[in-house]
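Everything on this sheet refers to the single structure shown next.
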Amino acid sequence: MAQSRVRRRKSRVKKTLKIFVFIGLFSFLLAGAAVTYFAFQLANATTSSEVELERGEKSELRTEPVNPSKDNISILFLGLDDREGNLEGRTDAMLLATFNKELGSIKLLNIPRDSLVDIPGRKNRDKINHAHAYGGLDTTIDTVENLFDIPVDYYVTLNFVAFVEIVDALGGVEVEVPFTFTEMDSNDTHGAITLEEGTQLLNGEEALAFSRMRKSDPRGDFGRGERQQEVIKAVIRKGASFSSISSYNEVLQSIEDHISTNLSFGNIVALHSYASELNNMDSIHIEGDDRRINGGYYFEPRQDSIDELSATFRVHLGLVEPEERDYDEFDSTEEETE
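In the working numbering, the protein residues as written are 113 to 450.
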């Protein structure tokens, strides 16, 4: 009996540590004290969430594998419209981030889910959020790499269940609601959630509604992308506090089934060097036009915008040297176009 209690206690400890890793992973943040205190056990606990891509450990656009501790890298974050725990289906949110080691800077792009793009293996262009349903992670990553001509080194996927549970585990997140609106919940019940204009503390379901809402926003996917980034920053602020750890028990049984990544524990720890820049991420945007094709809505990115974003990412990843402009001039140009 005593041995059984010890085993159960050890299991709870391991799961608690695992949840802490996932929260830190989602917000790119592992507090220095947490790394010191939990390092050994976290290294063992992260392995169950690691899922290698079919391509192997490096992008075909890399000559050799990269390491976040010394190299510039990119990470693709995917929010999946999945409630069954199998991490399949279409992507409801897609954010691409690049990290420059020398500058300690982060660039973050929200890719509109209805973007009309070429998907490897498909005859006709289609919405970028269909890529995951057609061919999974590798096809999604190939699509993004082809679009911007950059390597996607790492990925993180999570579904609605994980999102809701992470926010609830943190005791909610505080955001600025731009205007009053109603939105469906995670069960697609229309009008289930009403958010009032102003600063609000949102629970998991409310934060999901805040992040997903698009049709009521006059700025469409652009407004949606900014709200998603605001939620990420809110999670960062809450996730940095040890006071939230006691609430992780609420999601111990299911959270590990709803997140996957090819980042190792060592990779996650290396990202801690960017912690001071997390609230100063350089948000960049795709310019494009709304289109109707066979009655369906599409967002068609403008080629000059894609070319500019590709150049921005390639310089930030150190793949090419900036021509005629230094980093300060390059960044200020982006800010002027936002």
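C-beta: ideal position from N, C-alpha, C; glycine also. Because the structure is a prediction, the values reported are computed rather than measured.
Kindly indicate which three-state DSSP category residue i falls into: helix, strand or coil?
i: Glu286; result: strand
i: Gly310; result: strand
i: Leu207; result: strand
i: Lys213; result: coil
i: Asn179; result: coil
i: Thr373; result: strand
i: Leu383; result: helix
i: Asp226; result: coil
i: Val268; result: strand
i: Arg339; result: helix
i: Glu433; result: coil
i: Ile135; result: Per-residue confidence for Ile135 stands at a pLDDT of 46, beneath the threshold of 50, marking its modelled position as unreliable; the derived number appears in the next sentence. If DSSP states are grouped into helix, strand and coil, Ile135 belongs with the helices.
i: Ile218; result: strand
i: Glu412; result: strand
i: Ile231; result: coil
i: Tyr149; result: Only weak support exists for where Tyr149 lies, its pLDDT of 36 falling under 50; the coordinates are left without a value.
i: Leu141; result: Note that Leu141 scores 40 on pLDDT, short of 50, meaning its location in the model is unreliable; the coordinates nonetheless yield the value given after this. In this structure, Leu141 counts as coil in the three-state DSSP scheme.
i: Leu364; result: Model confidence at Leu364 stands at a pLDDT of 42, short of 50, so the residue's coordinates are unreliable and nothing is read from them.
Using a Cβ-Cβ distance under 9 Å, would residue i count as near chain B?
i: Val285; result: This model lacks chain B altogether, as it is built from one protein chain only.
Roughly how far, in whole angstroms, is the beta-carbon of residue i from the beta-carbon of residue j, given that I think they are within contact range, below 8 Å?
i: Leu320; j: Phe275; result: 6 Å
i: Asp265; j: Leu165; result: Asp265 to Leu165, Cβ: 10 Å. No contact.
i: Leu429; j: Asn236; result: So it is not a contact: roughly 30 Å between Cβ atoms.
i: Glu412; j: Arg403; result: 5 Å
i: Lys219; j: Phe425; result: 7 Å
i: Tyr267; j: Leu188; result: 5 Å
i: Val346; j: Glu286; result: Per the sequence presented here, residue 346 reads as Ala, with Val not at that position. The pair is a contact, with the Cβ atoms about 6 Å apart (cut-off 8 Å).
i: Val98; j: Gln312; result: This structure cannot speak to residue 98, because the chain is shown only from 113 to 450.
i: Pro224; j: Ile398; result: 7 Å
i: Thr269; j: Asn241; result: That belief does not hold up - the Cβ atoms of Thr269 and Asn241 are roughly 13 Å apart, past 8 Å.
When burial is assigned at 16 or more other CB atoms within 10 Å of the CB, is residue i buried or exposed?
i: Pro263; result: buried
i: Val133; result: In this predicted model, Val133 has a pLDDT of only 44, less than 50, meaning its place in the structure is not dependable; the value taken from the coordinates is given anyway. By the 10 Å Cβ count, Val133 comes out buried.
i: Ser227; result: buried
i: Asn374; result: buried
i: Gln415; result: exposed
i: His302; result: exposed
i: Ile405; result: exposed
i: Asp300; result: exposed
i: Val229; result: buried
i: Arg324; result: buried
i: Asp254; result: buried
i: Leu221; result: buried
i: Asn392; result: exposed
i: Glu309; result: exposed
i: Tyr386; result: buried
i: Asp401; result: exposed
i: Glu342; result: buried
i: Glu317; result: buried
i: Ser372; result: buried
i: Ser328; result: exposed
i: Gly407; result: exposed
i: Thr148; result: At Thr148, the pLDDT of 37 sits below 50, so the modelled position is not reliable; the number obtained from the coordinates is stated separately. Thr148 is exposed by the Cβ-count criterion.
i: Thr210; result: buried
At what residues does the alpha helix (DSSP H) containing residue i begin and finish?
i: Ile262; result: From DSSP, Ile262 is part of no alpha helix (DSSP H); its letter is neither H nor E.
i: Asp419; result: Gln415 to His428
Assuming residue i is part of the beta strand (DSSP E), what are its boundary residues?
i: Glu295; result: Phe293 to Glu295
i: Asp394; result: Asp394 to Ile396
i: Ser100; result: Outside the shown range of the chain, which is 113 to 450, sits residue 100, and nothing can be said about it.
i: Ile278; result: No beta strand (DSSP E) contains Ile278, which is instead part of the alpha helix (DSSP H) from Phe272 to Ala281.
i: Leu173; result: Segment: none, Leu173 is in no beta strand (DSSP E) and carries neither H nor E.
i: Leu192; result: Ile185 to Leu192
i: Ile240; result: Looking at the DSSP string, Ile240 is not in any beta strand (DSSP E), and its letter there is neither H nor E.
i: Gly66; result: The chain is shown only over 113 to 450; residue 66 falls outside these bounds and no answer can be derived.
For the ligand FAD, any of its heavy atoms closer than 8 Å to the Cβ of residue i?
i: Gly335; result: Looking for the ligand FAD in the displayed structure turns up nothing, as the structure carries no ligands at all.
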